[in-house]
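Numbering (full-length UniProt numbering), first residue to last: 1 to 638. Just so you know, even glycine gets a beta-carbon here, dropped at the ideal spot from N, CA and C. The next block holds one structure in the form of structure tokens; read it before the comments.
Spelled out as structure tokens, the structure:
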């Protein structure tokens with residue numbers, strides 16, 4: 001048998017390790033060195049644990065390879081060294097984490113001048129990260145003793161791998177007490193204040209972007225941790241520092257300093273958007289209309305953040321009117337002078353997030369500045385920018401769905417003597433939303449009638465119009481919306497009512513596309529099943545159920561329900577509880593000619609099957625191949 005022979009081929013590494021003069025590079029040249037290391041090859045591990053080998057592995061990671069080497073193999077040994085040191089072998093982790101000389105050698109990489117080699121920085125960050133995860137107490141104690149560690153992190157924050165290392169310090173330490181000590185230590189080192197200082201027009205773009213991203217991730221990590229450890233006695237010191245009003249004021253003072261720098265402005269707005277997040281976002285552009293100031297929010301927005309932003313709303317409004325200078329953009333359909341730009345798009349996103357908080361003083365400031373009117377002007381001016389159209393649509397939907405606003409102390413207040421929503425009134429009266437929708441719709445129809453192209457915002461305009469109709473019928477402000485529409489000039493009101501019943505209704509009907517038509521569609525497949533031939537009734541419950549499934553509309557519920565059914569993964573004990581709505585209604589009766597089928601079946605049996613002779617010899621092999629004779633009639637049929 002084959003298992004009698006030893007077919008296992010021993011690794012060539014074992015053969016090499018039997019030599020006394022074998023070198024580390026010779027082993028690293030072997031293709032299966034990583035596999036053998038992760039498989040805990042005893043001889044290989046013992047060789048790698050030699051002091052000189054560990055020092056060489058660390059040196060490969062932190063030292064620049066010779067410039068004259070072939071680019072294809074220049075980073076071969078640094079890469080393999082990194083993989084060996086991060087193969088999560090406990091003996092290697094112990095030696096690296098406990099030997100001060102090896103840690104000092106590894107740490108010396110941070111002492112290099114900026115910018116760091118990004119590839120070597122990624123190797124360094126990966127090795128130190130696994131040590132933080134496996135030896136948290138030793139590594140954190142070592143880093144605390146290095147008084148220049150935070151200085152060096154700030155110095156090299158423009159290198160993405162170093163930014164990742166900073167975030168690893170917050171995520172890789174799982175025990176609550178050591179993690180809290182790290183947070184307190186970083187807070188004492190003023191890490192938040194120093195990152196905020198980098199978000200400044202004088203800094204280069206890499207440092208700006210990475211500092212902003214670091215602050216955003218610190219906010220999210222801190223909030224997630226607070227949700228997981230809800231009974232924690234100590235608050236997160238880094239989040240508390242970042243939410244201080246003076247810190248936000250410093251951040252905004254940096255970006256509005258002298259000249260307008262788009263990178264600095266966008267980076268700062270990203271931080272503000274993260275602070276204003278009341279829950280994790282789903283995906284970009286997803287409109288989940290729920291009342292602003294919602295009760296199902298996961299996180300709360302700090303009032304000091306809102307106060308600091310409110311004081312600078314006029315500066316943000318000025319950016320909508322006069323954004324940072326951008327060159328003229330030529331497109332396939334015309335010239336943009338100036339284009340929307342990333343700055344203005346992010347300012348509108350900020351306004352959308354502020355509307356979500358539904359704070360009285362902020363809303364009042366937006367009304368006085370007429371910021372909603374300005375972004376509505378941009379909606380119609382930039383016909384083809386759907387990023388802009390989406391954000392404006394979200395703003396309008398939030399205003400229409402907003403309940404009574406909350407003050408800074410959290411109480412509900414009426415905005416005027418009648419208790420009306422001032423922002424909603426502003427949208428209808430000052431911004432003339434209804435009139436602008438009608439005007440844009442008529443302009444588009446006229447253009448299309450002349451053979452022109454449909455405006456790019458028409459889909460969003462349709463959704464906005466439908467949102468108004470919905471708010472009139474069922475929204476939280478339906479009474480006020482009805483009153484505002486009633487107070488429109490008679491000519492405008494009549495046009496709106498006609499528009500809702502004719503143009504808008506027809507558009508909604510066209511947009512409600514059936515997935516299949518009711519007529520019979522011929523398939524290209526040869527295996528198509530004809531229900532008439534199989535005997536199923538055309539109006540049977542089975543066909544009706546399938547037809548209902550095909551004809552359902554593509555709504556948001558359909559998207560949510562599409563995919564795996566949780567019931568498929570239920571415990572076996574629960575399967576009996578699954579309900580079947582329409583199975584009992586299905587008619588499984590086949591309308592067939594039973595007598596004809598029986599006669600045909602018996603004829604085939606007589607022609608093709610030879611009956612076993614029960615009275616035959618016991619020695620006869622019934623499985624023996626025999627010649628089968630067919631009647632002439634069956635041969636002709638075949």
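So is residue 223 buried or exposed if we call it buried at 16+ other beta carbons inside 10 Å? If you number the chain shown from 1, residue 223 lands on position 223. Buried, since its Cβ has 16 or more Cβ neighbours within 10 Å.
Is residue 334 helix, strand or coil by DSSP? The residue labelled residue 334 in the question sits at position 334 within the chain shown. Correct three-state label for residue 334: strand.
Sufficient close CB pairs (3 or more, under 8 Å) joining the stretch 57 to 71 to the stretch 104 to 116: yes
For residue 118, does the count of other Cβ atoms within 10 angstroms reach 16, so buried, or fall short, so exposed? As a working note, residue 118 is residue 118 in the chain shown. Burial call: exposed.
Environment of residue 148 [buried if 16+ CB atoms lie within 10 Å]: Here residue 148 refers to the residue found at position 148 of the chain shown. With fewer than 16 Cβ atoms within 10 Å of its Cβ, residue 148 is classed as exposed.
How long is the line joining the alpha carbons of residue 454 and residue 333, rounded to whole angstroms? For the purposes of this step, residue 454 is identified with residue 454 of the chain shown, where counting begins at 1. For the purposes of this step, residue 333 is identified with residue 333 of the chain shown, where counting begins at 1. Using only the alpha carbons, I get a separation of about 12 Å.
Sequence-distant residues of the same chain with beta carbon closer than 6 Å to residue 577, five excluded per side: Here residue 577 is taken as the residue at index 577 of the chain shown, counted from 1. The predicted position of residue 577 is uncertain, since its pLDDT is 46 and thus under 50; no value can be drawn from it.
Unbroken stretches of the beta strand (DSSP E), 3 residues or longer, contained in the stretch 201 to 284: none
What runs of the alpha helix (DSSP H), each 4 residues or longer, lie entirely inside the stretch 100 to 126? 100 to 107
Cβ-based neighbour list, residue 313, same chain, cut-off 6 Å, excluding 5 preceding and 5 following: Position 313 of the chain shown, counted from the first residue, corresponds to residue 313. 365, listed in sequence order.
Could you check if residue 353 is buried or exposed, using at least 16 other CB atoms within 10 Å of its CB as the buried criterion? Here the question's residue 353 lines up with position 353 in the chain shown. The residue is buried, with at least 16 neighbouring Cβ atoms inside 10 Å.
Identify every residue that forms a DSSP beta bridge with residue 378. On the chain shown, residue 378 is found 378 positions in, with the first residue counted as 1. Its beta-bridge partners do not exist; DSSP assigns none.
Continuous alpha helix (DSSP H) stretch holding residue 77: start and end: What you label residue 77 is simply residue 77 of the chain shown in a count that begins at 1. It spans 76 to 85 - the alpha helix (DSSP H) in which residue 77 sits, taken as one unbroken run.
Compute the Euclidean distance between the alpha carbons of residue 12 and residue 94, then round it to the nearest angstrom. Working through the chain shown from its first residue, we reach residue 12 at position 12. Working through the chain shown from its first residue, we reach residue 94 at position 94. Rounded to the nearest angstrom, the two C-alpha atoms are 27 Å apart.
Looking only at C-alpha atoms, which of 367, 143, 158 sits nearest to residue 114? For the purposes of this step, residue 114 is taken as residue 114 along the chain shown, with counting starting at 1. The shortest Cα separation from residue 114 among 367, 143, 158 belongs to 158.
Going by DSSP, what residues sit across from residue 383 in a beta bridge? Taking the chain shown and counting its residues from 1, the one referred to as residue 383 is at position 383. Per DSSP, none; premise fails for residue 383.
If you draw a straight line from the C-alpha of residue 403 to the C-alpha of residue 270, how long is it? To locate residue 403, count along the chain shown from 1; it is residue 403. To locate residue 270, count along the chain shown from 1; it is residue 270. For residue 403 and residue 270, the distance between alpha carbons rounds to 27 Å.
Along the chain, where does the alpha helix (DSSP H) containing residue 313 start, and where does it finish? Residue 313 sits at position 313 when you count from the first residue of the chain shown. That run of the alpha helix (DSSP H) goes 313 to 321.
What's the gap between the Cα of residue 527 and the Cα of residue 605? Position 527 of the chain shown, counting from 1, holds the residue named residue 527. Position 605 of the chain shown, counting from 1, holds the residue named residue 605. Any reading at residue 527 must be qualified, since the residue scores a pLDDT of 45, below 50, and its modelled position is unreliable; the value itself is stated next. Those two C-alpha atoms are separated by around 27 Å.
Quick check: the stretch 429 to 440 against the stretch 506 to 513, are at least 3 beta-carbon pairs closer than 8 Å? no
What's the call for residue 51, buried or exposed, on a 16-neighbour Cβ count within 10 Å? Locating residue 51 in the chain shown gives position 51, where the first residue counts as 1. Exposed, since its Cβ has fewer than 16 Cβ neighbours within 10 Å.
From residue 216 to residue 346, what distance separates their C-alpha atoms? Against the chain shown, residue 216 aligns to sequence position 216. Against the chain shown, residue 346 aligns to sequence position 346. If you take the alpha carbons of residue 216 and residue 346, they lie about 15 Å apart.
Pairwise C-alpha distance: residue 378 and residue 392: The count along the chain shown starts at 1 and reaches residue 392 at position 392. The count along the chain shown starts at 1 and reaches residue 378 at position 378. Approximately 9 Å, taken between the alpha carbons.
What's the C-alpha gap between residue 424 and residue 356? Counting from 1 along the chain shown, the entry for residue 424 is found at position 424. Counting from 1 along the chain shown, the entry for residue 356 is found at position 356. So the two alpha carbons sit approximately 14 Å from each other.
May I ask you to report which of helix, strand or coil DSSP gives residue 443? For the purposes of this step, residue 443 is identified with residue 443 of the chain shown, where counting begins at 1. Residue 443 falls in the helix class under three-state DSSP.
Let me check understanding here. Comparing Cα to Cα, which of 104, 30, 260, 99 lies closest to residue 655? Because the chain here runs from 1 to 638, residue 655 falls outside it and cannot be looked at.
Which residue wins for smallest C-alpha separation from residue 25, given the options 350, 278, 53, 18? In the chain shown, counting from the first residue as 1, residue 25 sits at position 25. Considering only alpha carbons, the answer is 53.
Cβ pair count under 8 Å reaching 3, the stretch 119 to 127 against the stretch 169 to 185: no
Per DSSP, what kind of secondary structure is residue 28 in: helix, strand or coil? Translated into positions along the chain shown, residue 28 becomes position 28. Three-state DSSP puts residue 28 in a helix.
Alpha helix (DSSP H) segment containing residue 148, residue limits: Taking the first residue of the chain shown as position 1, residue 148 is located at position 148. From DSSP, residue 148 is part of no alpha helix (DSSP H); its letter is neither H nor E.
Less than 6 Å separating the Cβ of residue 380 from some heavy atom of the ligand NAD? Because no ligand of any kind appears in the structure shown, any question about the ligand NAD cannot be addressed here.
Look at residue 138 and residue 97 and say whether their C-beta atoms are less than 7 Å apart. Residue mapping note: residue 138 aligns to position 138 of the chain shown, counting from 1. Residue mapping note: residue 97 aligns to position 97 of the chain shown, counting from 1. Their beta carbons are under 7 Å apart, which means residue 138 touches residue 97 by this criterion.
For residue 317, which residues of its own chain have a beta-carbon under 6 Å away from its beta-carbon, when the five flanking residues on both sides are left out? In the chain shown, the residue the question calls residue 317 occupies position 317. Once the five neighbours on either side are set aside, the close Cβ partners of residue 317 are 369, 371.
DSSP state of residue 171 mapped onto helix, strand, coil: Start at 1 with the first residue of the chain shown, and residue 171 comes out as number 171. Helix at residue 171.
What residue from 225, 58, 492, 319 has the CA that sits closest to residue 92's CA? The count along the chain shown starts at 1 and reaches residue 92 at position 92. Among 225, 58, 492, 319, the Cα nearest to that of residue 92 is on 58.
Where does residue 89 land, buried or exposed, given buried means 16+ other C-beta within 10 angstroms? Counting from 1 along the chain shown, the entry for residue 89 is found at position 89. Residue 89 is buried by the Cβ-count criterion.
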